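Read left to right, the sequence shown gives residues 21 to 285 (this note's numbering). Below is one structure; the comments refer to it alone.
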Amino acid sequence: MSNDAYDLARWAADGLRRHVSADAFDVALVMGSGWVPAADALGAPAAEVNMTELPGFAPPAVPGHYGRIRLVEIGDKTALVFLGRTHLYEGHGPAAVAHGARTALAAGVKTVVLTNAAGGTRPERQKVGDPVLISDHLNLTGHNPIAGPNFIDLTDAYSPALRTLAKEIDPSLYEGVYAALPGPSYETPAEIRMLRTLGADLVGMSTVPETIAAREGGASVLGISLVTNIAAGLAGKPLDHAEVLAAGRASAARMGELLGKLIRG
Ligand SMILES: Nc1nc2[nH]c(I)nc2c(=O)[nH]1
Numbered sequence: 021m022s023n024d025a026y027d028l029a030r031w032a033a034d035g036l037r038r039h040v041s042a043d044a045f046d047v048a049l050v051m052g053s054g055w056v057p058a059a060d061a062l063g064a065p066a067a068e069v070n071m072t073e074l075p076g077f078a079p080p081a082v083p084g085h086y087g088r089i090r091l092v093e094i095g096d097k098t099a100l101v102f103l104g105r106t107h108l109y110e111g112h113g114p115a116a117v118a119h120g121a122r123t124a125l126a127a128g129v130k131t132v133v134l135t136n137a138a139g140g141t142r143p144e145r146q147k148v149g150d151p152v153l154i155s156d157h158l159n160l161t162g163h164n165p166i167a168g169p170n171f172i173d174l175t176d177a178y179s180p181a182l183r184t185l186a187k188e189i190d191p192s193l194y195e196g197v198y199a200a201l202p203g204p205s206y207e208t209p210a211e212i213r214m215l216r217t218l219g220a221d222l223v224g225m226s227t228v229p230e231t232i233a234a235r236e237g238g239a240s241v242l243g244i245s246l247v248t249n250i251a252a253g254l255a256g257k258p259l260d261h262a263e264v265l266a267a268g269r270a271s272a273a274r275m276g277e278l279l280g281k282l283i284r285g
């Protein structure tokens, strides 16, 4: 990516510091769909800013549904909690998707926690409402937030140390490989069968560009998916949306506790 993306992140970080009247941050959390209860469980924000007040953030996909960044003190750590993110299917390009992560890194963050809602491809061992630690990813989006000859290593893109810590806090957590697709349509049953063969345990439309940008900037990444539906063709019955929402809500409260313990260290 041209310097624009990195300059834009620095300008956004400067604006963020001014808006939240702080200049040192330990961790960033990007909260995916259904994770707002978990974000609320982290504690009341000391400050909050609309993403649209900062340079480089795309307009909200749904009018009025503005992305916000909260400053939350969690134990002795200062966290930036991003509520809302840009997705590739909104058409603003991979740099726009990674802008939040890049802004957090420009603000000095060294640890990024990326959460999302995802489809589960393993009904034999997953159920709706399960949180799954991301062990690795398949970037099937056809995009990369990095442009130019910057060949970064993505071995251990998802921090083994943070995954171990998460499992020590909640031993019931298990891991899976996250496949990112461009969306916005969900997969066909044939595509889900292909993705299972490729080793994907989770399917989503986010996270991967942010992970790559965070690793490019030297931050440690922890990714957690909330299985919100069983992927296409695998659920023997139509999904009950109320059931999915309830499962998500129940897990999100548990996830709020996990994230809080993770960050307090
Ligand atoms: N690609 C993809 N993304 C998703 N997000 C959610 I929630 N469920 C899915 C799904 O089944 N497939």
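Cβ atoms here follow ideal geometry from the backbone N, Cα and C, with glycine treated the same way. Being a predicted model, the structure only gives us computed values, none of them experimental.
Inset, instruction - Tell me where the beta strand (DSSP E) around P83 begins and ends. - result: Along the sequence shown, read from residue 1 onward, the residue named residue 83 stands at position 63. Going by DSSP, P83 is part of no beta strand (DSSP E) at all; its letter is neither H nor E.
Inset, instruction - Determine the DSSP secondary structure at P218, reduced to helix, strand or coil. - result: Residue 218 sits at position 198 when you count from the first residue of the sequence shown. According to the sequence shown, residue 218 is Leu rather than Pro. Reduced to three states, the DSSP call for L218 is coil.
Legend entry - Closest Cα partner of E195 within the set A210, I166, D150 and P165: Taking the sequence shown and counting its residues from 1, the one referred to as residue 195 is at position 175. That would be D150, whose Cα lies nearest to the Cα of E195.
Legend entry - Inter-residue Cα distance where the pair is A199 and I244: Counted from its first residue, the sequence shown places residue 199 at position 179. Counted from its first residue, the sequence shown places residue 244 at position 224. When only Cα atoms are considered, A199 and I244 end up about 13 Å apart.
Legend entry - Neighbouring residues (CB closer than 7 Å to any heavy atom of ligand 1): Taken from the N-terminal end onward, the list reads S53, A137, A138, G139, L201, G203, Y206, E207, V223, G224, M225, T248, N249, A251 and A252.
Legend entry - Where the beta strand (DSSP E) through T135 begins and ends: Within the sequence shown, numbered from 1, the residue matching residue 135 stands at position 115. Counting along the chain, the beta strand (DSSP E) containing T135 begins and ends at T131 to G140.
Inset, instruction - Determine, using beta carbons only, whether A267 and P209 come nearer to each other than 8 Å. - result: The sequence position of residue 267 within the sequence shown is 247, counting from 1. The sequence position of residue 209 within the sequence shown is 189, counting from 1. Contact flag unset, no.
Legend entry - V247 versus H157, L153 and A58, residue with shortest Cα-Cα distance: Translated into the one-based positions of the sequence shown, residue 247 becomes position 227. Looking at the Cα atoms, L153 is the closest of the given residues.
Legend entry - Pair within 8 Å by beta-carbon distance, V69 and H39: Numbered from its first residue, the sequence shown carries residue 69 at position 49. Numbered from its first residue, the sequence shown carries residue 39 at position 19. Cβ distance < 8 Å, so V69 and H39 count as in contact.
Inset, instruction - Find out if the Cβ-Cβ distance for the pair T231, L103 is shorter than 8 Å. - result: As a position in the sequence shown, residue 231 is number 211, starting the count at 1. As a position in the sequence shown, residue 103 is number 83, starting the count at 1. No; because the gap between Cβ atoms is not below 8 Å, this pair is not in contact.
Inset, instruction - For S179, collect the residues of the same chain with a Cβ closer than 7 Å to its Cβ; drop the 5 residues on either side in sequence, then sort them by chain order. - result: On the sequence shown, residue 179 is found 159 positions in, with the first residue counted as 1. Excluding residues up to 5 positions away in sequence, S240, V241 and L242 lie with their Cβ nearer than 7 Å to the Cβ of S179 in the same chain.
Legend entry - For G76, the nearest candidate out of P229, R145 and R30 (CA to CA): For the purposes of this step, residue 76 is taken as the residue at position 56 of the sequence shown. Per the Cα distances, R30.
Legend entry - Range of the contiguous alpha helix (DSSP H) that encloses R183: Your numbering for residue 183 matches position 163 in the sequence shown. That run of the alpha helix (DSSP H) goes P180 to I189.
Legend entry - Counted within 10 angstroms of its Cβ, other Cβ atoms place E290 as buried (16 or more) or exposed: Since the first residue of the chain shown is 21 and the last is 285, residue 290 is not available in this structure.
Inset, instruction - Report buried or exposed for S22, applying the criterion of at least 16 other Cβ atoms within 10 angstroms of its Cβ. - result: Start at 1 with the first residue of the sequence shown, and residue 22 comes out as number 2. Low local confidence applies: a pLDDT of 49 at S22 is under 50, so the model's placement there is unreliable, with the coordinate-based value given in what follows. For S22, the number of other beta carbons within 10 angstroms of its own is below 16, and it is reported as exposed.
Legend entry - Collapsed DSSP secondary structure at E144 in the structure displayed: Working through the sequence shown from its first residue, we reach residue 144 at position 124. Residue state, collapsed to three classes: coil.
Legend entry - Distance, E236 Cα to F171 Cα: The residue given as residue 171 occupies position 151 in the sequence shown. The residue given as residue 236 occupies position 216 in the sequence shown. Cα-Cα distance, rounded: 9 Å.
Inset, instruction - Go through its chain and collect everything with a Cβ distance to A78's Cβ below 8 Å, but skip five positions before and after it. - result: Locating residue 78 in the sequence shown gives position 58, where the first residue counts as 1. So the qualifying residues of the chain are T106, E110, H112, A116 and H119.
Inset, instruction - Find out if the Cβ-Cβ distance for the pair A67, L49 is shorter than 8 Å. - result: The residue given as residue 67 occupies position 47 in the sequence shown. The residue given as residue 49 occupies position 29 in the sequence shown. Contact check for A67 against L49 fails: the beta carbons are separated by 8 Å or more.
Legend entry - Expected contact under 8 Å - CB spacing of P114 and P80 to nearest Å: Translated into the one-based positions of the sequence shown, residue 114 becomes position 94. Translated into the one-based positions of the sequence shown, residue 80 becomes position 60. With 8 Å as the limit, P114 and P80 do not qualify as a contact, their Cβ atoms being about 19 Å apart.
Inset, instruction - State the DSSP-derived secondary structure class of M21, mapped to helix, strand or coil. - result: The sequence position of residue 21 within the sequence shown is 1, counting from 1. Model confidence at M21 stands at a pLDDT of 45, short of 50, so the residue's coordinates are unreliable; what they give is reported in the following sentence. Three-state result, M21: coil.
Inset, instruction - Drop a sphere of 10 angstroms on the beta-carbon of P83, count the other beta-carbons inside from all chains shown, and report buried for 16 or more, exposed for fewer. - result: Position 63 of the sequence shown, counted from the start, is the residue given in the question as residue 83. Within a 10 Å sphere around the beta-carbon of P83 sit fewer than 16 other beta-carbons, which makes this residue exposed.
Inset, instruction - Specify the secondary structure class of H163 as computed by DSSP and reduced to three states. - result: As a working note, residue 163 is residue 143 in the sequence shown. H163 sits in coil when the DSSP states are folded into three classes, being neither helix nor strand.
Inset, instruction - Express the C-alpha separation of D173 and L218 in angstroms, rounding to a whole number. - result: Along the sequence shown, read from residue 1 onward, the residue named residue 218 stands at position 198. Along the sequence shown, read from residue 1 onward, the residue named residue 173 stands at position 153. Those two C-alpha atoms are separated by around 21 Å.
Legend entry - Neighbourhood of G203 by C-beta, 6 Å cutoff - its chain only, sequence neighbours within 5 removed: The residue you call residue 203 lines up with position 183 of the sequence shown. Only Y109 and M225 meet the Cβ criterion.
Legend entry - Cβ-based burial, T98 [other Cβ within 10 Å; buried from 16]: Indexing the sequence shown from 1 puts residue 98 at position 78. With 16 or more other Cβ atoms within 10 Å, it is buried.
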